[in-house]
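A short worksheet on the structure shown next.
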DNA sequence: GATGAATGAGGTTTCATTCAT
DNA sequence: CATGAATGAAACCTCATTCAT
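Protein chains in written order, with the working numbering: chain A, 1 to 201; chain B, 202 to 402; chain C, 403 to 603; chain D, 604 to 804.
In structure tokens, the structure reads:
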């Protein structure tokens, strides 16, 4: 997609076909499947066909890989969200666009870093956490604007900040029960969440 | 409390003052703070004032401690929930009682095992997962009954099973942002979640 | 010897027959023979008949072993020096006693830590260096007192502080050429150094 | 200087402005500061602005760099010493000239290889040691001649061979305490050493 | 000559677990 | 029951060296 290409150009995301890029992708999958602590650097290296020592040409240490996985994921979701938000006007539709982005990020294997951020946050040292928090603040700012509007218009029952926490929890948790191959489509799941929280006017 | 005493008597929960009981309590705190993988058996032993070797007189291995922490937590919450549900009739109040139980279990340090179940599920091997799932099914059954009723009565917008997933996610996530010492009480937070999902009739 | 026994009792030196004591002794030999960087913890462990992992029951890391080797060596030399100094009155004889102590410490395999301190000083991080410096200052204080007296009495040509540096260098370097099994005894070598620096009155 | 230029011409010393020459100079500094084992080829390469792989166009392996650093240093000191010795006649002045050469080599950063030889001797394999020993023997021969004369004339108290060892030790050790920026000049230090060992007639 | 990704052996350290005392 | 030294596998990481480009 042209979206990714632009992120690569800006240096925010690693070229997916490069060794480093393939490493980040493999790390995303493994961290999601097995967890960060139970994924060894040998696992990672084997997944991209190099030896474990070679890993440290691309990253100074294992935690830097975790950080890269998460940061690139946020950059990707952010870019998608800006795109999607620009296409609709209605606040409910803006919310739907955002839920779609986050829901897909969490439940699709294309961008597992987002889910990993939720489950492995404590595996990051304070410095890396802070670095990621900068991105998260930008990201959460988008949600706040839309949800505050909805609350002012009386379309949701509780303040935007709380509603955002509820939505985040619900979407993260969906990863633990939603079956991508089941009958329910991801879009239907996302719509149900919106329906649960937003009044039909 | 007589509640705990009875659970002890039934063999579902370890006597809290025994060495084993103190071990489980300490494990709950440490697993919550640092995560299961990053908590060493030495940490655990030191916390209760024994040496790491002695730990294995009480548990066959480290994972058995994790399992005990989780199972005892569910037993506790289940007992509290049965108690609380028996005291009210109105479905919304039943829901409130359940949200109170789970919300407190997650955000109080008294019973951290519930939160740990959510974050460390993948650290358990299939056998232990299955053993815990037996309890979880009983626990989720309670939720299903109440939420199905609410949906039939038109008080919530989406089916009970989905609403339950949303509530679970929202409550688990609350652990990541709710500040016990802040202005918002836990009860207020729980009420906001109910308000977000349930129609005022 | 009763001297060592007392140091053990005071906690300044590790019981030589304990695992830790044998480790320190083996480390002294290996660090002297191969150098600190080229001695692996596996080498060390093999030398005392344990596995490398077991090493870390006794020491938090490799550098702590180096530090222990050096500190215990200084404690030993210090104790010997106090003993020897107490037995003579004449300043030249006091100097001879000190040169004997240091010369033997450097050229005997009984106490290689002293030599190691000279050659591996840069392998220690600043904290460990400072800890050892506390001992060194006490040790150098003994030399200063005796050499200052000799200078005031006109028995040596240059100030005590410089003479001390020259003696230290000469004795450390002796390790690189003196042959314990050769014709020259260690005592003869030490006397030659004194003779080179001190006037026959 | 013409001295160095001639050494370059004879092939004994590498042209200082060439890549190889700059490499040897950088290696000298780093080996002196951090020690041979703790200096990586990456450090070396970075210091001269190339990548580590390129290093091996100039040297077959890391140890060859150490050897070159030492051998070139000895060639330099030897040349300086021949020059200086040719300018004076008096044995004491010859000794002073030699002490000046060696003292400066050790305490000046211009030619750190001499000091490195002392501290990193064990890092060399036997072949490289032997190769260097050929040079050292020539070098030590110069000292022997002068010191033997002084002993025969009764100007020093102990045989030349021992006195040489003492001087070498004292000068090498001076590197550990002499402060180039302090009040004492290097010449004063060197004179003190001579004064300590040589009788004023 | 230079690059830089990759190698692969080997380094230190961690840690759950065992077991003689 | 507790101890604590020892185990041994496995972890992360380092680094001299190679080699296709």
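Virtual Cβ for every residue (Gly too), placed ideally from N, Cα, C. No experiment lies behind these values; they were computed from the predicted model shown.
Buried versus exposed, by CB contacts within 10 Å (16 or more), residue 292(B): Indexing the second chain from 1 puts residue 292(B) at position 91. Classification of residue 292(B): buried, given that the 10 Å Cβ count is 16 or more.
Put residue 490(C) into one of helix, strand or coil per three-state DSSP. Your numbering for residue 490(C) matches position 88 in the third chain. The three-state reading of DSSP puts residue 490(C) in coil, since its state is none of H, G, I, E or B.
In chain B, which residues lie with their C-beta within 7 Å of the C-beta of residue 172(A)? Numbered from 1 along the first chain, position 172 holds the residue referred to as residue 172(A). Residues of chain B with a Cβ closer than 7 Å to the Cβ of residue 172(A) are, in chain order, 370 and 374.
Quick one: what's residue 399(B) bridged to in DSSP? Translated into positions along the second chain, residue 399(B) becomes position 198. Note: residue 399(B) sits in a beta bridge opposite 357(B).
Where does residue 137(A) sit, in a helix, a strand or coil, going by DSSP? For this step, residue 137(A) is matched to residue 137 along the first chain. Three-state result, residue 137(A): helix.
Does any residue of chain B bring its CB to less than 8 Å from the CB of residue 162(A)? For the purposes of this step, residue 162(A) is taken as residue 162 along the first chain, with counting starting at 1. For residue 162(A), the closest Cβ of chain B is nearer than 8 Å.
Counting only beta-carbon atoms, is residue 403(C) nearer than 8 Å to chain D? Here the question's residue 403(C) lines up with position 1 in the third chain. Bear in mind that the predicted position of residue 403(C) carries a pLDDT of just 47, short of 50, making it too unreliable to give a figure here.
Assuming residue 317(B) and residue 357(B) make a contact with CB atoms under 8 Å, what is their CB distance in whole Å? As a position in the second chain, residue 317(B) is number 116, starting the count at 1. As a position in the second chain, residue 357(B) is number 156, starting the count at 1. Actually they do not touch by this definition, with Cβ atoms about 29 Å apart.
Looking at the secondary structure, which residues open and close the alpha helix (DSSP H) in which residue 521(C) lies? In the third chain, the residue the question calls residue 521(C) occupies position 119. It spans 515-522 - the alpha helix (DSSP H) in which residue 521(C) sits, taken as one unbroken run.
Please determine if the stretch 559-576 of chain C and the stretch 768-784 of chain D are in contact, where contact requires at least 3 C-beta pairs separated by less than 8 Å. With a cut-off of 8 Å, the stretch 768-784 of chain D and the stretch 559-576 of chain C count as touching, because enough Cβ pairs lie within range.
Hey, residue 528(C) and residue 430(C) are a contact pair by Cβ (cut 8 Å); roughly how many whole angstroms apart? Within the third chain, numbered from 1, the residue matching residue 528(C) stands at position 126. Within the third chain, numbered from 1, the residue matching residue 430(C) stands at position 28. That belief does not hold up - the Cβ atoms of residue 528(C) and residue 430(C) are roughly 23 Å apart, past 8 Å.
Min CB distance residue 735(D) to chain C below 8 Å: Mapped onto the fourth chain, residue 735(D) falls at position 132. It does not; no Cβ of chain C falls within 8 Å.
Quick check: the Cα distance between residue 809(D) and residue 30(A), rounded to an integer number of angstroms? Any answer about residue 809(D) is impossible in this case: the structure gives chain D only from 604 up to 804.
Within the same chain, show all residues whose beta-carbon is closer than 7 Å to that of residue 481(C), passing over the 5 residues directly before and after it, in chain order. As a working mapping, residue 481(C) is identified with position 79 in the third chain. Around residue 481(C): 405 and 409.
Taking C-beta to C-beta, are residue 173(A) and residue 333(B) nearer than 8 Å? Here the question's residue 173(A) lines up with position 173 in the first chain. Here the question's residue 333(B) lines up with position 132 in the second chain. Not a contact, by the Cβ cut-off of 8 Å.
Do you know how far the Cα of residue 684(D) is from the Cα of residue 785(D)? Position 182 of the fourth chain holds residue 785(D). Position 81 of the fourth chain holds residue 684(D). Cα-Cα distance, rounded: 26 Å.
Whose C-beta lies closer than 6 Å to the C-beta of residue 447(C) among residues of the same chain, with five residues either side of it excluded? Numbered from 1 along the third chain, position 45 holds the residue referred to as residue 447(C). 453, 454 and 457, listed in sequence order.
Taking the beta carbon of residue 295(B) as the centre, do at least 16 other beta carbons fall within 10 Å, making it buried, or is it exposed? The residue labelled residue 295(B) in the question sits at position 94 within the second chain. The residue in question, residue 295(B), is buried, as its Cβ has 16 or more Cβ neighbours within 10 Å.
What are the uninterrupted segments assigned as alpha helix (DSSP H) that are 4 or more residues long and contained completely in the stretch 632-678 of chain D, given in chain order? The qualifying runs are 644-651.
Examine chain A for any beta-carbon lying closer than 8 Å to the beta-carbon of residue 304(B), and answer yes or no. In the second chain, residue 304(B) corresponds to position 103, counting from 1. For residue 304(B), not one C-beta of chain A is nearer than 8 Å to its own C-beta.
Does any CB atom of chain D fall closer than 8 Å to the CB of residue 594(C)? In the third chain, the residue the question calls residue 594(C) occupies position 192. Residue-level contact check: residue 594(C) touches chain D, since one or more beta carbons of chain D fall below 8 Å from its beta carbon.
For residue 296(B), name the three-state secondary structure that DSSP assigns. The count along the second chain starts at 1 and reaches residue 296(B) at position 95. In the three-state scheme derived from DSSP, where H, G and I count as helix and E and B as strand, residue 296(B) is classed as helix.
Neighbour-count burial assignment, residue 300(B), 16 or more Cβ in a 10 Å radius: Along the second chain, one-based indexing puts residue 300(B) at 99. Residue 300(B) comes out buried.
Rounded straight-line distance, which links the Cα of residue 686(D) to that of residue 748(D): Counted from its first residue, the fourth chain places residue 748(D) at position 145. Counted from its first residue, the fourth chain places residue 686(D) at position 83. Cα-Cα distance, rounded: 16 Å.
Give the secondary structure of residue 15(A) by DSSP, where H, G and I count as helix, E and B as strand, and everything else as coil. As a first step, residue 15(A) must be located in the first chain, where it is residue number 15. DSSP places residue 15(A) in coil when its eight states are reduced to three.
Taking the beta carbon of residue 490(C) as the centre, do at least 16 other beta carbons fall within 10 Å, making it buried, or is it exposed? Within the third chain, residue 490(C) is the residue found at index 88, counting from 1. Flag for residue 490(C) reads exposed.
Can you check which of these residues, 150(A), 190(A), 20(A) and 130(A), is closest to residue 47(A) by C-alpha distance? Looking up residue 47(A) in the first chain gives position 47. Closest by alpha carbon: 20(A).
Are residue 640(D) and residue 676(D) close, meaning C-beta to C-beta below 8 Å? On the fourth chain, position 37 is the one that residue 640(D) refers to. On the fourth chain, position 73 is the one that residue 676(D) refers to. Contact: no.
For residue 403(C), count neighbouring C-beta atoms within 10 Å of its own C-beta (all shown protein chains included) and say buried if the count is 16 or more, exposed if not. Taking the first residue of the third chain as position 1, residue 403(C) is located at position 1. Its pLDDT being 47, under 50, residue 403(C) is placed unreliably by the model, and the measurement read from it follows with that caveat. Exposed, since its Cβ has fewer than 16 Cβ neighbours within 10 Å.
If we count the other Cβ atoms within 10 Å of its Cβ and call it buried at 16 or more, is residue 637(D) buried or exposed? Looking up residue 637(D) in the fourth chain gives position 34. Result: exposed.
Counting only Cβ pairs nearer than 7 Å, list the residues of chain C close to residue 755(D). By 1-based counting over the fourth chain, the position of residue 755(D) is 152. The premise fails here: residue 755(D) is roughly 16 Å from chain C at the closest Cβ pair, so nothing lies under 7 Å.
Using CA atoms only, rank isn't needed, just tell me which of 793(D), 741(D) and 764(D) is closest to residue 752(D). Along the fourth chain, one-based indexing puts residue 752(D) at 149. Comparing alpha carbon positions, the residue from 793(D), 741(D) and 764(D) closest to residue 752(D) is 764(D).
Applying the 10 Å Cβ sphere with the 16-neighbour rule, what's the burial state of residue 469(C)? Counting from 1 along the third chain, the entry for residue 469(C) is found at position 67. The residue is buried, with at least 16 neighbouring Cβ atoms inside 10 Å.
Taking 8 Å as the threshold (beta carbon to beta carbon), is residue 680(D) in contact with chain C? Your numbering for residue 680(D) matches position 77 in the fourth chain. Taking Cβ atoms only, chain C never reaches closer than 8 Å to residue 680(D), which makes this a no.
Say whether chain D places a C-beta atom closer than 8 Å to the C-beta of residue 430(C). Translated into the one-based positions of the third chain, residue 430(C) becomes position 28. Not an interface residue.
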